[in-house]
Every structure is written in structure tokens, then in C-alpha cells.
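K.L.:
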Amino acid sequence: GEEKLELADEVVLVVVFKCIWMLGVRILFDELRFRLFVIIWLLNIWINKE
């Protein structure tokens, strides 16, 4: 019973870690996408001015 409990704890830790990692990646990706959008938008304005 003890070994199964340890294994279950490891699985829970892995799942929690993956969830946190995925959330972090998604937040980072959203931020990068937002910055990219702003850069493209500013470039578009600059190109239209020329």
C-alpha cells in the first residue's frame, strides 16, 4: 500500500507541475502575441505615414 501511495503522490505532482507549466506557457504566449500585435500595428502606422 505504501508504494502505491508514493506513486500516486508522484503522479499528482507531475499533473500539477504540467498544469502550472502549461498555464505559464499560455500566459507567456499570450503576452508575446500581444507584443507582436502591437509591433505590427505600430509598423503599419509607420509604413502608412511614409
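Counted from 1, the sequence shown has number 1276 at position 41 by our numbering; the numbering is strictly sequential. Glycine included, each C-beta is placed from N, C-alpha and C at the ideal position.
With H, G and I counted as helix, E and B as strand and the rest as coil, what does DSSP make of GLU1285?
P.N.:
coil
K.L.:
Taking the straight line between their C-alpha atoms, what separation do you get for LEU1242 and VAL1250?
P.N.:
Taking the straight line from one Cα to the other gives about 12 angstroms.
K.L.:
Could you name the residues of the same chain whose beta carbon sits closer than 8 angstroms to that of GLY1259, not counting the 5 residues immediately before and after it, in chain order?
P.N.:
none
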